[in-house]
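Visitor:
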Amino acid sequence: MSSGEPPPGVLYFERHFNDAFMDAIDALRTEIPVSLASGNMRANRRFLRDATLAKNICERLPSEANVLSVCSDIRFIEYDEPGGYIQPHVDGTRVCEHTGLQTTHSMLVWLSDVPEDEGGETDFLRDVTDEDSVLYSIRPKKGSVVIFRHDSPHVGRCVGVYPKLLLRGDVTCAEE
476 MSSGEPPPGV
486 LYFERHFNDA
496 FMDAIDALRT
506 EIPVSLASGN
516 MRANRRFLRD
526 ATLAKNICER
536 LPSEANVLSV
546 CSDIRFIEYD
556 EPGGYIQPHV
566 DGTRVCEHTG
576 LQTTHSMLVW
586 LSDVPEDEGG
596 ETDFLRDVTD
606 EDSVLYSIRP
616 KKGSVVIFRH
626 DSPHVGRCVG
636 VYPKLLLRGD
646 VTCAEE
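Our numbering runs 475 ahead of the 1-based position in the sequence shown.
1. So residue 648 is in the beta strand (DSSP E); what residue range does that whole segment cover?
2. Give the DSSP-derived three-state secondary structure of residue 534 in the structure shown.
3. Pair every Cβ in the region 536-555 with every Cβ in the region 503-523, then say whether three or more of these pairs are closer than 8 Å.
4. Which same chain residues end up closer than 7 Å to residue 525 when comparing Cβ atoms and leaving out the 5 residues on each side of it in sequence?
5. Of the residues 650, 540, 641, which one's Cα is nearest the Cα of residue 486?
6. Could you spell out the range, first to last residue, of the alpha helix (DSSP H) harbouring residue 494?
7. Counting only the same chain and skipping the five closest in sequence on each side, list residues whose C-beta sits under 6 Å from that of residue 577.
8. Keeping to the same chain, check which residues put their C-beta closer than 6 Å to that of residue 532; ignore five residues upstream and five downstream.
9. Quick check: the region 603-611 against the region 634-645, are there 3 or more CB pairs under 8 Å?
10. Under the DSSP definition of a beta bridge, which residues are partnered with residue 600?
11. I'd like the span of the beta strand (DSSP E) that includes residue 555, first residue to last.
12. Spell out whether any CB of chain D is found under 8 Å from the CB atom of residue 503.
13. Where DSSP assigns a beta bridge to residue 587, which residues make up the other side?
The following block contains the structure:
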């Protein structure tokens, strides 16, 4: 579920991917070792380089997203304990080792649902230094995907007792 209208450069597709595809991705997630979280988050991360998975995701994305390529460097982020979060930030670009393309947008695909009033929202901000300047808010819903410009300020809100699991990727979109 989302609130408000997405700001320019943010595309949200609720429950786009079917459960079978999400369950297959989630099974893959559990096979990858946990890496240390960075200093701006309280969450586990798992890193994967998989050109086949990237291609499978790309082929299933909505055509209106104008995604040309999904970078083969993919990570899973697990906010699996109460209080898990990521501070306000913007994402950086990458060059995909498999395609050689520079990414333009970030992609989040939720692998779990978080009930209303349990936190875990991804909020898009007007200003990265003001976490109350919310333009658009998305509550995690399994199979939903959001694609947004790398320079879009956003924050991952604190989770309650329900874990927030997501696939985080970088994509190259056709020019708008």
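For every residue, glycine included, the Cβ atom is placed at its ideal position computed from N, Cα and C. Remember, it's a predicted structure, so these values are computed and weren't measured experimentally.
Guide: For this structure:
1. 639-648
2. helix
3. yes
4. 547, 549
5. 540
6. 494-504
7. 568, 570
8. 545
9. no
10. 609
11. Counting along the chain, residue 555 falls outside any beta strand (DSSP E), and DSSP gives it neither H nor E.
12. Going by chain labels, chain D is absent from the structure shown, which holds only one protein chain.
13. Residue 587 pairs with nothing; no bridge assigned.
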